[in-house]
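Chains B and S are the protein sequences, given in the same order. Numbering-wise, the first sequence is residues 725 to 1058 according to the numbering used here. Numbering-wise, the second sequence is residues 725 to 1058 according to the numbering used here. Built from N, CA and C at the ideal position, the CB exists for glycine as well. Just so it is clear, the structure is predicted and the values come from calculations on it, not from any experiment. Working notes for the structure below.
Protein chains: 2
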Amino acid sequence: MNNRSKITVALDVLGGDGLVALNLAAARQALDADPDLAILACGPGSEIGSVRDEWPAPLGARLKIHDAETGLAADAGPAEALRRGRDSSMGEALRRIGEGEADAVVSGGSTGALMVLARHLLGTWPGVDRPALMGALPTVRGTCWMLDLGANLHVDARRLHEFARLGRITVSLLNEREPVVGLLNVGTEPGKGPDLVREAGRLIDADRDLNYGGFVEADQVFAGRVDLVVCDGFSGNILLKSAEGAVRLMFDEMRAHLGGSLCGWLARPRLRRLRDSLDPARHNGAALLGVRGVVIKSHGGASTAGMAHAIGLAAREVRGGLSQAMESQFRAVD
Amino acid sequence: MNNRSKITVALDVLGGDGLVALNLAAARQALDADPDLAILACGPGSEIGSVRDEWPAPLGARLKIHDAETGLAADAGPAEALRRGRDSSMGEALRRIGEGEADAVVSGGSTGALMVLARHLLGTWPGVDRPALMGALPTVRGTCWMLDLGANLHVDARRLHEFARLGRITVSLLNEREPVVGLLNVGTEPGKGPDLVREAGRLIDADRDLNYGGFVEADQVFAGRVDLVVCDGFSGNILLKSAEGAVRLMFDEMRAHLGGSLCGWLARPRLRRLRDSLDPARHNGAALLGVRGVVIKSHGGASTAGMAHAIGLAAREVRGGLSQAMESQFRAVD
């Protein structure tokens, strides 16, 4: 663990659907929860300033402002990000890491834009070509991390092995213990699945830094069989969104089934808490792994609490010493 | 619609975890529910006969026996199926279609074995190389059909187009209206996703027989946005099992949250019914499409009611005239 506790998170205030108001409400919630945190708000300075003026002075003192008047569109692609992104609120936030003004970045903006700008402005670790997105899923035992969540649709076996290494470093810092790594497949027997997945299994199994738990099927992820699941970005997106859709369907049907009854009414607050704890959409904050710096992608439609959770995740990764651990791992191996 | 109503379903009595007792209990349930159905039980004759002797005579008269003493192992692969499968209960059941003794086959045995034996013993429609598996998912509006569910891990755009054609013929008979066909992807905008999925979208869109609804994301499947979803077998397996895992997790947590309360106790029967209607594992019966004949794969661990549901699905496909519709479609095009 890193002993450094006072940290600064740069926040892309123009990213996400909620824009300035929601992002600043989340910043305030995160500052309230963590007295050793400062936030560098990157966005329209006068607008941010007038919101901050309403805050209690001790909180306001920990919200700094970096002026950036333009935001990127929520659907901005890589080409547009490279053309206009450098001076956007997202680009400015990322450059604060390079300038030593921030330890991490949180943005609810376009995933494609964040990927390409982070890679361009911060660079990647030696041997890592493209960043990968890692997020958390609810399980019977707590949490299972999974990557890639959609940033890399095409992968080979070497890439899946790299995801396992990137994820393992991060999850071991977050959980403070060595994670069991599983590989997503359509069966658990060694002969199952596509060639590339079986080849990736051999690479991960042979890597002495990794505690390999074998193939996992999608339902076993929620049973908490492993701590970290590795897959291509297409499958990761399908797994995550399928679970979201199924959970949403269940709660809609449950309202229809129990809604009129006294029991349904009495159970409502409990069921809502349960949904909040289980809906994968609310486990907000995906780590962009492979870039030289702590970067967290927030869901575009995240709630205030969701955005505050993403800021907290950034702080945990910084305090865990993620960048230092990545640097020593990727320098040692390559 | 086909007017033929008296039909015979060949049942692989040694397939599935429940073996003879469960399969025959399911057969009895299916016969009870459908007076125009006969079942040809393929399995150990004396064992089946002694169970049938306990049934009321009118039901027993509709259970015929075709003796087959050996079953295939639940994990039998394609090679073993070709070597030893022809005379197994599964192979005998499939051959009853060719002999004109049965209109359809239902088996809870190994998927790989059923695929290869059905292809080998019945053949495929012109232009169709390998069969695909289509199953049902629960949605807000009722049911969405999806293929492939895991029989084809590697596909190209032409294959996905073929899945759409196979699925459309079947679902239009089952639903008695033209289905809206969606293509599983990681986003709905036309530029999203892997090349092969975008190319498949162009092929399906250009096919005037298909009512194309565009790309669908995994969560939208459960919202009932389309009637039929097409995808490769790896993604289909991930989607299905992810939803199963999430639903199971939710009910486990709900029991833990509400279990001790009076409300939880009162709501229990309703919640159990809800789970039964939503758990994808219980929407039992996947249609093996592309082979010359109606073949239904049942989940190996299906309940008696689940197996009876699979037999009912076979009967619906036969009565809908599936084989005739496939024949005219695949003769007309190729």
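{"Query": "Is glutamine 1053/B closer than 7 angstroms to isoleucine 893/B when the C-beta atoms are compared?", "Result": "yes"}
{"Query": "Can you check DSSP and say which residues form a bridge with proline 862/B?", "Result": "Thr867/B"}
{"Query": "Kindly indicate if chain B contains any beta-carbon less than 7 angstroms away from that of isoleucine 962/S.", "Result": "yes"}
{"Query": "With H, G and I counted as helix, E and B as strand and the rest as coil, what does DSSP make of lysine 916/S?", "Result": "coil"}
{"Query": "Give me the subset of the region 850 to 867 of chain S whose CB atoms are less than 8 angstroms from a CB atom of chain B, sorted by chain position.", "Result": "Pro862, Thr863 and Val864"}
{"Query": "Can you give me the Cβ contacts of aspartate 929/B inside the same chain, cut-off strictly under 7 angstroms, excluding the 5 residues immediately before and after it?", "Result": "Tyr936"}
{"Query": "Can you tell me which residues form a DSSP beta bridge with aspartate 758/B?", "Result": "Its beta-bridge partners do not exist; DSSP assigns none."}
{"Query": "Please confirm whether alanine 856/S and alanine 924/S have their CB atoms less than 7 angstroms apart.", "Result": "no"}
{"Query": "If you measure between the beta carbons of glycine 767/B and glycine 833/B, is that distance less than 7 angstroms?", "Result": "no"}
{"Query": "In terms of alpha-carbon separation, which member of Gly824/B, Leu787/B, Leu755/B and Pro759/B lies closest to isoleucine 772/B?", "Result": "Leu787/B"}
{"Query": "Can you give me the start and stop residues for the alpha helix (DSSP H) that aspartate 943/B sits inside?", "Result": "942 to 946"}
{"Query": "Does the region 954 to 966 of chain B touch the region 864 to 876 of chain B, meaning 3 or more C-beta pairs lie closer than 8 angstroms?", "Result": "yes"}
{"Query": "Out of curiosity, what's the CA-to-CA distance linking glutamate 1051/B and alanine 1011/B?", "Result": "16 angstroms"}
{"Query": "For histidine 1059/B, which three-state DSSP category applies?", "Result": "No information on residue 1059/B is available, as it lies outside the stretch 725 to 1058 that chain B covers here."}
{"Query": "What is the DSSP secondary structure of aspartate 736/S, reduced to helix, strand or coil?", "Result": "strand"}
{"Query": "Looking only at C-alpha atoms, which of Gly948/S, Phe939/S, Gly866/S and Val840/S sits nearest to leucine 1013/S?", "Result": "Val840/S"}
{"Query": "With DSSP collapsed to three states, give me the class of histidine 844/B.", "Result": "helix"}
{"Query": "Hey, alanine 1032/S and alanine 754/S: beta-carbon distance below 7 angstroms or not?", "Result": "yes"}
{"Query": "Going by DSSP, what residues sit across from glycine 938/B in a beta bridge?", "Result": "Gly906/B"}
{"Query": "Would you please verify whether the beta carbon of leucine 877/B is less than 7 angstroms from any beta carbon of chain S?", "Result": "yes"}
{"Query": "Per the DSSP calculation, isoleucine 789/S is bridged to which residue(s)?", "Result": "Ala765/S"}
{"Query": "Interface residues of chain B around aspartate 976/S at Cβ under 8 angstroms?", "Result": "Val864"}
{"Query": "Give every residue of the same chain whose Cβ lies closer than 7 angstroms to the Cβ of arginine 926/B, excluding the five residues on either side of it in the sequence, and list them in chain order.", "Result": "none"}
{"Query": "How many Å lie between aspartate 756/B and glycine 911/S at the Cα?", "Result": "36 angstroms"}
{"Query": "Are leucine 973/S and valine 905/S closer than 7 angstroms when you measure CB to CB?", "Result": "no"}
{"Query": "Here's the rule: buried if 16 or more other CB atoms are within 10 angstroms of the residue's CB, otherwise exposed. What is proline 862/B?", "Result": "buried"}
{"Query": "Could you work out which residue in Asp758/S, Glu778/S and Glu823/S is closest to histidine 790/S when comparing CA atoms only?", "Result": "Glu823/S"}
{"Query": "Going by C-alpha distance, which of Asn747/B, Glu886/B, Leu806/B and His844/B is nearest serine 1027/B?", "Result": "Asn747/B"}
{"Query": "Could you check if alanine 826/S is buried or exposed, using at least 16 other CB atoms within 10 Å of its CB as the buried criterion?", "Result": "buried"}
{"Query": "Closest to valine 852/S by CA distance: which of Arg889/S, Cys868/S and Arg865/S is it?", "Result": "Arg889/S"}
{"Query": "Report back the beta-carbon spacing between valine 954/B and glycine 891/B to the nearest angstrom; my notes put them in contact at under 8 angstroms.", "Result": "6 angstroms"}
{"Query": "For arginine 897/B and glycine 1045/B, what's the separation of their Cα atoms in angstroms?", "Result": "It is leucine, not arginine, that sits at residue 897/B in the sequence shown. Approximately 8 angstroms between the Cα atoms of the pair."}
{"Query": "Please list the partners that alanine 967/B has in chain S, where partner means a Cβ-to-Cβ separation under 8 angstroms.", "Result": "Ser966, Ala967, Gly969 and Ala970"}
{"Query": "Identify, in the order they occur along the chain, each residue of the same chain with its Cβ nearer than 6 angstroms to the Cβ of lysine 730/B, setting aside the five sequence neighbours on each side.", "Result": "Asp760"}
{"Query": "From the DSSP secondary-structure annotation, give me the bridge partner or partners of isoleucine 893/S.", "Result": "Its beta-bridge partners do not exist; DSSP assigns none."}
{"Query": "Three-state secondary structure (DSSP) at lysine 1021/S?", "Result": "strand"}
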